[in-house]
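Enquirer: Counted the way the numbering used here counts, the sequence shown spans residues 10 to 217. Take a look at the following structure, please.
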Amino acid sequence: MSMHCTDIIELDKKRCKVYLDGELAFVLYKGELKEYGIKIGLEISETAYEEIICVVLSKRCKLRAMNLLQKKDYTTKQLRDKLDEGLYPKELVDEAIEYVRSYKYLDDERYARDYISYHMTTRSKNRIMQDLTGKGLSKELLLPIIEELYAEENGDIEFDQIKVLLEKKHYDPGSIDYKEKQKIMAFLMRRGFQISTIRKAMNWCEDD
C-alpha cells in the first residue's frame, strides 16, 4: 500500500493535520512529523502508518477519553463528539469508546439514572426527557428508567413541582384575571408539564 503526504496544515502551535492522498488522515505533533519523516510529497511506509494509527494515536485517543471521563460524566454521544473534535480517525474513536465502556467508565444507563434522580424534583418528566435525548440518549433507554424512578417516589412529583412554581408566581385564584392565568399556564407548559397536571394544581389552589 503506497501513500503519499499531500499536505500538512498547522492546527495549532504544537500540532498539524496530515493529509494522505488528498484526504485528512490524522493529527500529529510537530515532533512526530520529524520522527516519522513526514513531509509533503514524500511517501509514508505502511509500517510507519500502522505504528501511527495502531500505537501512537490509538493510545492517545483512549487516554483522551479516560481524561475526559475523570473530570465529568459523558453520554456516549457526548464523548464521541469530544473525541471527534480531536480529529481522531473514526475507527480509533469507536475503539476508545468500547475501551472505556468495557471498564464501566462509560455507562449511558448510569448517566441517565443519575441525571433523572438529581433533577426529578425540580424538572418535569418532559423536560428531563428532552434534556437527555439532546445528550444522545434514546427514548427506549430512558422510558423504563423514568417509570421505575418515578414509581419509587411517594406522591405526584410534578403536581408538587407545579404547586411550588405557582407559589413563586404568587398565583392567587381569587384575584388573578383570565389573561394572567393563561400566561402562567403557558409558562408551566414551556417547562414541560402536562396541561392536565397544571389544571389539577390550579384547582387545588382554588380549593385550598
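Quick reminder that beta carbons are idealized off the backbone N, C-alpha and C, glycines included. Quick caveat, the model's predicted, so the values are computed rather than measured.
Beta-carbon separation of residue 231 and residue 195 under 8 Å?
Expert: Absent from the structure is residue 231, since the part of the chain shown begins at 10 and ends at 217.
Enquirer: Considering only residues of the same chain and omitting the five flanking positions on each side of residue 31, which have a CB-CB separation below 6 Å?
Expert: Position 22 of the sequence shown, counting from 1, holds the residue named residue 31. Closer than 6 Å at the Cβ level, and outside the excluded window around residue 31, lie 15.
Enquirer: Can you check the segment 76-115 for any beta strand (DSSP E) of at least 3 residues that lies completely inside it and give the ranges in chain order?
Expert: The segment 76-115 contains no whole beta strand (DSSP E) run of 3 or more residues.
Enquirer: Which same chain residues end up closer than 8 Å to residue 158 when comparing Cβ atoms and leaving out the 5 residues on each side of it in sequence?
Expert: The residue given as residue 158 occupies position 149 in the sequence shown. Contacts found: 122, 125, 126, 129.
Enquirer: Output the distance between the C-alpha atoms of residue 85 and residue 146, rounded to the nearest integer angstrom.
Expert: Mapped onto the sequence shown, residue 85 falls at position 76. Mapped onto the sequence shown, residue 146 falls at position 137. Residue 85 and residue 146: Cα-Cα distance of roughly 8 Å.
Enquirer: Return the Cβ separation of residue 135 and residue 50 in integer angstroms, given the expectation that the two are a contact with Cβ distance under 8 Å.
Expert: Start at 1 with the first residue of the sequence shown, and residue 135 comes out as number 126. Start at 1 with the first residue of the sequence shown, and residue 50 comes out as number 41. That pair is no contact at about 57 Å.
Enquirer: Measure the alpha-carbon distance for residue 59 versus residue 80 and round it to whole angstroms.
Expert: For this step, residue 59 is matched to residue 50 along the sequence shown. For this step, residue 80 is matched to residue 71 along the sequence shown. C-alpha separation (whole angstroms): 31 Å.
Enquirer: So, with DSSP's three-state summary, where would you put residue 129?
Expert: As a working note, residue 129 is residue 120 in the sequence shown. Reduced to three states, the DSSP call for residue 129 is coil.
Enquirer: Are at least three pairs of beta-carbons, each pair with one atom in the segment 31-42 and one in the segment 85-98, less than 8 Å apart?
Expert: A contact exists between the segment 31-42 and the segment 85-98.
Enquirer: Looking at residue 171: is its Cβ nearer than 8 Å to the Cβ of residue 197?
Expert: Along the sequence shown, read from residue 1 onward, the residue named residue 171 stands at position 162. Along the sequence shown, read from residue 1 onward, the residue named residue 197 stands at position 188. In this structure, residue 197 lies closer than 8 Å to residue 171 by Cβ.
Enquirer: Starting from the N-terminal side, write out each stretch of the alpha helix (DSSP H) that is 4 residues or longer and does not extend beyond the segment 132-159.
Expert: Those alpha helix (DSSP H) runs which fall completely within the segment 132-159 and span 4+ residues are 134-143.
Enquirer: Distance, Cα to Cα, residue 174 vs residue 143?
Expert: By 1-based counting over the sequence shown, the position of residue 174 is 165. By 1-based counting over the sequence shown, the position of residue 143 is 134. Answer to the nearest angstrom: the Cα atoms are 25 Å apart.
Enquirer: Looking only at DSSP bridge pairs, what is residue 35 linked to?
Expert: Along the sequence shown, one-based indexing puts residue 35 at 26. BP columns for residue 35 point to 27.
Enquirer: Who are the Cβ neighbours of residue 206 in its own chain at under 8 Å, not counting the five residues just before and after it?
Expert: Sequence index remark: in the sequence shown, residue 206 carries index 197 (1-based). Cβ neighbours of residue 206 beyond the five flanking positions: 165, 167, 168, 171.
Enquirer: On the DSSP bridge assignment, give the partners of residue 12 in chain order.
Expert: Taking the first residue of the sequence shown as position 1, residue 12 is located at position 3. Looking at the DSSP assignment, residue 12 forms a beta bridge with 53.
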